[in-house]
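The listed protein sequences correspond, in order, to chains X and E. For the first sequence, position 21 matches number 21 in the numbering used here, and the numbering has no gaps at all. For the second sequence, position 95 matches number 1095 in the numbering used here, and the numbering has no gaps at all. Just so it is clear, CB atoms sit at the ideal spot from N, CA and C, and this is done for glycine as well.
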Amino acid sequence: QQQVKQSPQSLIVQKGGISIINCAYENTAFDYFPWYQQFPGKGPALLIAIRPDVSEKKEGRFTISFNKSAKQFSLHIMDSQPGDSATYFCAADNTGKLIFGQGTTLQVKP
Amino acid sequence: ETGVTQSPTHLIKTRGQQVTLRCSSQSGHNTVSWYQQALGQGPQFIFQYYREEENGRGNFPPRFSGLQFPNYSSELNVNALELDDSALYLCASSFIGLGTVYEQYFGPGTRLTVT
């Protein structure tokens, strides 16, 4: 019940395209859903986060879509850039203990 | 940059040895969480410290222990190192207030290699 499943494992997108990463969770007690971006050799950086009282949150080129009934949420990166090439992790939380997905390695081709 | 610092950056230890990793939390934060990230995996929660007390623990054996100091910095200690302990150890800083947990900000991590 504590799992967060993330897909796809890897993603290749052309510059200017839309990158979409999906996550599903089981524990309905989760009430905070952040996305982290991690570059090689660095710690994860908080990108954007959502709570289940809204269905969508947008910050710049990054949007989280949240479907409470399906227990799914996704990250959309609009106008993807080569600098967005990194590993992305979704996570879920309700007690301050983040449960992470397995990660998606995104490559944006110039 | 998050303002969370960790030391050392890299560490090589031998199986059976003990190791101490350190973390300084971001200014204004009162909570430190530790995570283990194996190569190619997502971070796994080890434990969290709030007000110098352990405030939750993940599925890690007792040879993983920690401390939080009055200035909210923290240490992670691992005894009897095993080869599988080789990983990136991440510290995350956050604020807990009025029962609400706020965003966690990660440090750069300590890369531990056990040979």
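Spatial neighbours of residue i in its chain, beta-carbon cut-off 6 Å, leaving aside the 5 residues before and after
i, result
"residue 127/X", "Here chain X has residues from 1 to 110 only, and residue 127/X is not among them."
"residue 1007/E", "1022"
"residue 1060/E", "1046"
"residue 72/X", "24"
"residue 1048/E", "1033, 1055 and 1056"
"residue 1020/E", "1075 and 1077"
Residue i: first and last residue of the uninterrupted beta strand (DSSP E) it sits in
i, result
"residue 1064/E", "1064-1068"
"residue 64/X", "62-67"
"residue 1029/E", "Careful: residue 1029/E lies outside any beta strand (DSSP E) and carries neither H nor E."
"residue 75/X", "72-77"
"residue 941/E", "The structure shown does not extend to residue 941/E, since chain E is modelled only from 1001 through 1115, so no value can be given for it."
"residue 55/X", "Residue 55/X -> no beta strand (DSSP E), and no H or E assigned at all."
"residue 1048/E", "1044-1050"
"residue 96/X", "No beta strand (DSSP E) holds residue 96/X; DSSP gives it neither H nor E."
"residue 1055/E", "1053-1057"
"residue 957/E", "There is simply no residue 957/E to check, as chain E begins at 1001 and stops at 1115 in what is shown."
"residue 5/X", "4-7"
"residue 45/X", "45-50"
"residue 11/X", "10-14"
"residue 1024/E", "1019-1024"
"residue 106/X", "104-109"
"residue 1102/E", "Element bounds for residue 1102/E: n/a, residue is neither H nor E."
Buried/exposed call for residue i, threshold 16 Cβ in 10 Å
i, result
"residue 1027/E", "exposed"
"residue 1107/E", "buried"
"residue 54/X", "exposed"
"residue 1083/E", "exposed"
"residue 1043/E", "buried"
"residue 1089/E", "buried"
"residue 1102/E", "exposed"
"residue 101/X", "buried"
"residue 1109/E", "buried"
"residue 79/X", "exposed"
"residue 39/X", "exposed"
"residue 1081/E", "buried"
"residue 97/X", "buried"
"residue 1039/E", "exposed"
"residue 77/X", "buried"
Cβ neighbours of residue i in the same chain (closer than 7 Å, five flanking residues each side left out)
i, result
"residue 1086/E", "1112, 1113 and 1114"
"residue 47/X", "35, 36, 37 and 62"
"residue 10/X", "104 and 105"
"residue 12/X", "107 and 109"
Three-state secondary structure assigned by DSSP to residue i
i, result
"residue 1097/E", "strand"
"residue 1083/E", "helix"
"residue 1008/E", "coil"
"residue 34/X", "strand"
Residues of its chain near residue i, where Cβ-Cβ distance is below 8 Å and the 5 sequence neighbours each way are ignored
i, result
"residue 1037/E", "1043, 1044, 1087, 1088, 1089, 1090 and 1109"
"residue 29/X", "94"
"residue 1104/E", "1033, 1092, 1093 and 1094"
"residue 15/X", "80, 81, 82, 108, 109 and 110"
Chain X contacts from the stretch 1028-1044 of chain E (Cβ-Cβ distance under 8 Å): Across the stretch 1028-1044 of chain E, CB contacts with chain X closer than 8 Å involve 1031, 1033, 1035, 1040, 1041, 1042, 1043 and 1044, in sequence order along the chain.
At a Cβ cut of 9 Å, what residues of the stretch 37-58 of chain X count as close to chain E, listed as they run along the chain? 38, 41, 42, 43, 44, 45, 46 and 49
Of all the residues that make up the stretch 15-30 of chain X, which are near chain E by a beta-carbon distance shorter than 9 Å? Listed in sequence order: no entries.
Chain-ordered residues of the stretch 1066-1089 of chain E with a beta carbon less than 9 Å from chain X: 1088
Select from the stretch 94-105 of chain X all residues with a C-beta closer than 8 Å to any C-beta belonging to chain E, and list them in chain order. 95, 96, 97, 98, 99, 100, 101, 102 and 103
Closer than 8 Å, Cβ to Cβ, to anything on chain X: give me those residues from the stretch 1095-1110 of chain E, in chain order. 1096, 1101, 1103, 1104, 1105, 1106, 1107, 1108 and 1109
Near-chain E residues of the stretch 70-92 of chain X - C-beta to any C-beta below 7 Å: 89
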